[in-house]
Structures are given as C-alpha cells and as structure tokens.
Amino acid sequence: MSGIRPASELLEGCAGFISEEPDFEVSLDTQRPSLRLRAEGPAATDRPIPSDLVLVVQLPDGTYQCNDDASGEDYQPQIDITNPAIGTYRVWVGSFATPQFSFSVSSPPPES
1 MSGIRPASEL LEGCAGFISE EPDFEVSLDT QRPSLRLRAE GPAATDRPIP
51 SDLVLVVQLP DGTYQCNDDA SGEDYQPQID ITNPAIGTYR VWVGSFATPQ
101 FSFSVSSPPP ES
C-alpha cells in the first residue's frame, strides 16, 4: 500500500506516491477479451469525494499504465485493458493522503 516513491518514477506524468514493490500481482494464463483493474478508497468524512488513490500497472511487456480518476465523476482509479496479454500484471496502489483501499480485478470468460 502507498509509500514514499513518486509514481512518476515509473511513468512520467503519473501522480501520487507508491511503495517500492507492487502491492499485487495478477496473472493471466488464458486469453480474455478485457481486464479491469480498479482500486477504491473510503469516502472522506469531511467531503463526498473518496480518498484520492492512484493505480499504476506494469504490463507483461514491461510498459506501464497509470490512472488517478476513472472519469470526471468517478474519482477512483481504474485501468481497462482490451485484449490483455497473457502474463503477469504488477499493480501498485498509491495515494496522495491515505493508504486505505480495496482492490478488484474482473474479466469476462474467454470466448469459445
């Protein structure tokens, strides 16, 4: 969970701070049509916006993707990958203020 390493060390322009080592590793061993990686922080007590998290993912080919807010109205980080490669996805969940979060992975079953 969140650390002191600037996320921008892994990908220029990526905001927030992460730990040195990934928080999760997600392995795909079969081809799937999509992969969604998402982190959710608790809502702050003094404002309706949830804790500000950042999600950094290293793809199996060694490149990185980063997201701070899924959309203008969804302040949780989410990365959607179409036709994800088989292999291991290294995931960092970082933050600006709080290390509390939940993490989920979803993917539809392979097409027959």
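In terms of this note's numbering, the sequence shown has 102 at position 102, counting the first letter as 1, and numbering is strictly consecutive. Idealized CB from N, CA, C, for every residue including glycine. Because the structure is a prediction, the values reported are computed rather than measured.
Distance from the Cα of E21 is smallest, within the candidate group C14, A15, A39 and L10, for L10. Rounded to the nearest whole angstrom, the CA to CA distance from P108 to L37 is 13 angstroms.
In the structure shown, E21 falls within a coil segment according to DSSP collapsed to helix, strand and coil. Going by C-alpha positions, G87 is about 31 angstroms away from P42. The C-alpha of Q65 is placed about 17 angstroms away from the C-alpha of L28.
8 angstroms or more divides the Cβ of A39 from the Cβ of L59.
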